[in-house]
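In what follows, a single structure is set out as structure tokens and then discussed.
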Amino acid sequence: MTRTVQDVKFALHTIMDKLVGNHSEPFNTEEIEVLIFAFESHILFDNVAHKFLSSLKGIVEISDLNSNKNNEEHQSPESRDFLFLQERSTMVKTLLLTVIKESILREMSIRFGS
């Protein structure tokens with residue numbers, strides 16, 4: 009699906025709410041795809057995001073592989089899916105916090121000349 013700047017604008021509020029814990033649902037695939045578009049297009053964190061783009065794309069690839077797997081037969085499919093979504097959401101949160109930290113450190117380096 010083709011993404012636009014408007015998609016980023018509309019999804020950013022929900023993404024940030026999920027990042028800081030104001031929204032308890034895990035990140036969905038559409039939100040991750042919007043983040044990938046924003047990183048590729050240099051809409052968010054323009055000078056830092058390219059370093060983390062492959063990791064973000066990897067999260068989507070892992071989700072595609074995991075959805076086709078049938079491991080851990082002792083758990084119900086709903087429980088397994090919920091655990092996977094929570095784990096994927098945690099990976100996205102970690103990645104976003106790292107990008108934010110790197111962006112802040114880069115800006116400080118530029119401003120204070122280190």
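For the sequence shown, the numbering used here gives the first residue as 9, with consecutive numbering after it. Glycine is no exception: its CB is placed at the ideal position from the N, C-alpha and C atoms.
Which listed residue (the options) has its alpha carbon closest to that of residue i
i    : options                : result
H50  : I23, G66, V13, F18     : V13
S62  : F53, I44, N55          : I44
R11  : A46, V100, S117        : A46
F18  : T37, V42, H31, S32     : V42
S117 : E38, F35, H31, V56     : V56
L105 : N36, L64, R119, E38    : L64
D15  : P34, L52, I67          : L52
D54  : G121, R114, R119, F120 : R114
D25  : L91, K101, F90, E38    : K101
R96  : E39, E38, P34          : P34
Q94  : I67, H21, L20          : I67
N36  : F120, T22, N30         : T22
Buried versus exposed, by CB contacts within 10 Å (16 or more), residue i
i    : result
V28  : exposed
K59  : exposed
K109 : exposed
S84  : exposed
S32  : exposed
Segment limits, alpha helix (DSSP H) that includes residue i
i   : result
A19 : 13 to 28
E41 : 37 to 48
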